[in-house]
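The UniProt record's numbering numbers the first residue of the sequence shown as 1 and each following residue consecutively. Glycine residues also receive a C-beta, built at the ideal position from the N, C-alpha and C atoms.
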Amino acid sequence: MPSGQDTGKLFAEAVSIMARLRAPGGCPWDREQSFDSIRKYTLEETYEVFDAIERRSWPDLQEELGDLLLQVLFYAEMAAEAGHFTIADVVNGLSRKLIRRHPHVFGDAAAAAAGNSAAGLATDGIDAKQVLRNWEEIKKSEKADHFTSEGRLDGIPRSMPALHEASKLGSKAGKAGFDWPDAGGLIDKLREETAELEQELPHGRTEAISEELGDLLFTAVNLARHMKIDPEMVLRDTNAKFRRRFAAMEASSPRPLEDLSPQELEELWSAAKLAGKEATR
């Protein structure tokens, strides 16, 4: 395993390789790329990292993290070419952020030198919950130092996955006092939204049905938020469970699934569901 010094050299080499690929005489494809053209790959690489983690495939995770790092180097090189910032600025900004948001580790003086202006934080012998409270206070002070007239929700990227965005929107609104008091209120809201969806279904109006279905999903996401559950991770776990059960159906079916009746399919599904529950006991 490379030492810290070797890691620095390897990182510098990767930065140099990226610069050469983008320079005159470099790779034609790399030289043609822009911020807009490669952003889709950033999302793809992020999901491939997720997949490797869920499969506990450490060799794949190593490779996918490299691919994700490539995206960072690519963006930073293009930004440097345009005179916006360099990869050194990115790394320095990250280091300063980690120091100022961890005064309980690096000390108040170092955190202040790194830009922390939040006062009165508890830092001695604190637990993880207090760390998170401090983190939020420090973030709040950073935003106060760079005040803009943006609304509370304007800082939430519209490009993030919809489930994550919905959770962030609910959380931000909640900090302003606009939220359900508890999970029970959200259960009632789910019933209300389900009833409104049921009322629209007979009319077959796609736009109205889509709106009601969106309201139902938004409410479900905020129920997860209230219960401290990540809706994206929950849905990914459910997707994985569906894959396992459907694969079990295919494996146990005497004939191709498309040749079975609805009743036979339901029986196979019930058997796969029961087998899955037994396996987890």
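Could you have a look at residue i and say whether DSSP puts it in helix, strand or coil?
i, result
"Ala-176", "coil"
"Ile-126", "coil"
"Lys-265", "The sequence as given places Leu at residue 265; Lys does not occur at that position. Here Leu-265 sits in helix by DSSP."
"Arg-101", "coil"
"Leu-260", "coil"
"Leu-121", "coil"
"Ser-252", "helix"
"Asp-182", "coil"
"Ile-92", "The sequence given here has Asn at residue 92, not Ile. Asn-92: helix per DSSP, three-state reduction."
"Thr-7", "helix"
"Ala-82", "coil"
"Gly-115", "coil"
"Gly-107", "coil"
Residue i: which of the options sits nearest, CA to CA?
i, options, result
"Asp-154", "Ile-126, Asp-60, Ala-173 and Pro-28", "Ala-173"
"Ala-242", "Val-91, Ala-275, Leu-223 and Glu-196", "Just to set this straight, residue 242 is Phe in the shown sequence, not Ala. Among Val-91, Ala-275, Leu-223 and Glu-196, the Cα nearest to that of Phe-242 is on Ala-275."
"Asp-250", "Cys-27, Tyr-75, Asn-239 and Leu-265", "It is worth fixing the name first, because residue 250 is Glu in this sequence and not Asp. For Glu-250, the nearest C-alpha among the options comes from Leu-265."
"Arg-133", "His-104, Leu-69, Pro-157 and Gly-151", "His-104"
"Ala-248", "Leu-190, Lys-228, Ala-119 and Ala-272", "Ala-272"
"Tyr-75", "Tyr-41, Gln-5, Ala-122 and Lys-140", "Tyr-41"
"Ala-208", "Val-221, Glu-193 and Asn-222", "Glu-193"
"Phe-35", "Gly-93, Ala-79, Asn-239 and Glu-63", "Ala-79"
"Ile-87", "Val-72, Lys-143 and Ser-95", "Val-72"
"Ala-12", "Gln-33, Leu-69 and Glu-32", "Leu-69"
"Glu-77", "Glu-200, Phe-246 and Ala-14", "Ala-14"
"Met-227", "Phe-85, Gly-185 and Arg-205", "Gly-185"
Ignore the nearest five residues each way along the sequence and tell me which others in residue i's own chain have a CB closer than 6 angstroms to its CB.
i, result
"Asp-30", "Leu-21 and Arg-22"
"Leu-98", "none"
Measuring only between beta-carbons, confirm whether residue i sits less than 7 angstroms from chain E.
i, result
"Lys-140", "In the structure shown, chain E does not exist; there is a single protein chain."
Please report how far the alpha carbon of residue i lies from the alpha carbon of residue j, in whole angstroms.
i, j, result
"Ala-110", "Ala-183", "41 angstroms"
"Gln-263", "Leu-257", "12 angstroms"
"Arg-55", "Ile-126", "34 angstroms"
"Arg-236", "Gly-25", "44 angstroms"
"Thr-7", "Val-49", "21 angstroms"
"Trp-135", "His-102", "8 angstroms"
"Met-18", "Leu-223", "44 angstroms"
"Glu-198", "Glu-267", "27 angstroms"
"Trp-180", "Asp-188", "10 angstroms"
"Ser-261", "Pro-254", "12 angstroms"
"Ser-95", "Ser-141", "18 angstroms"
"Arg-244", "Arg-225", "27 angstroms"
"Ile-53", "Thr-238", "16 angstroms"
"His-203", "Lys-277", "39 angstroms"
Give me, in chain order, the residues of the same chain whose beta-carbon lies closer than 7 angstroms to that of residue i; leave out the 5 immediate sequence neighbours on both sides.
i, result
"residue 346", "Examination of residue 346 is not possible in this model, given that the chain is present from 1 through 281 alone."
"Asp-108", "Thr-123"
"Glu-45", "Glu-64, Asp-67, Leu-68 and Gln-71"
Spatial neighbours of residue i within its chain, please: CB distance less than 8 angstroms, with the 5 preceding and 5 following residues excluded, ordered by chain position.
i, result
"Lys-168", "Ile-156 and Met-160"
"Val-221", "Leu-163, Ala-166, Ser-167, Gly-170 and Pro-231"
"Leu-190", "Leu-216, Thr-219, Ala-220 and Leu-223"
*Counting only runs that start and end within the segment 129-171, where is the alpha helix (DSSP H) found for 4 or more residues in a row?*
Whole alpha helix (DSSP H) segments, 4+ residues: zero.
*At which residue ranges does the UniProt domain "NTP pyrophosphohydrolase MazG-like" (186-245) contain complete alpha helix (DSSP H) runs of 4 or more residues, listed in the order of the chain?*
With a minimum length of 4 residues, the unbroken runs of alpha helix (DSSP H) contained wholly in the UniProt domain "NTP pyrophosphohydrolase MazG-like" (186-245) fall at 206-226.
*Report the residue ranges of all alpha helix (DSSP H) runs contained in full by the segment 20-68; include only those spanning at least 4 residues, in chain order.*
Listed in chain order, they are 28-32 and 35-54.
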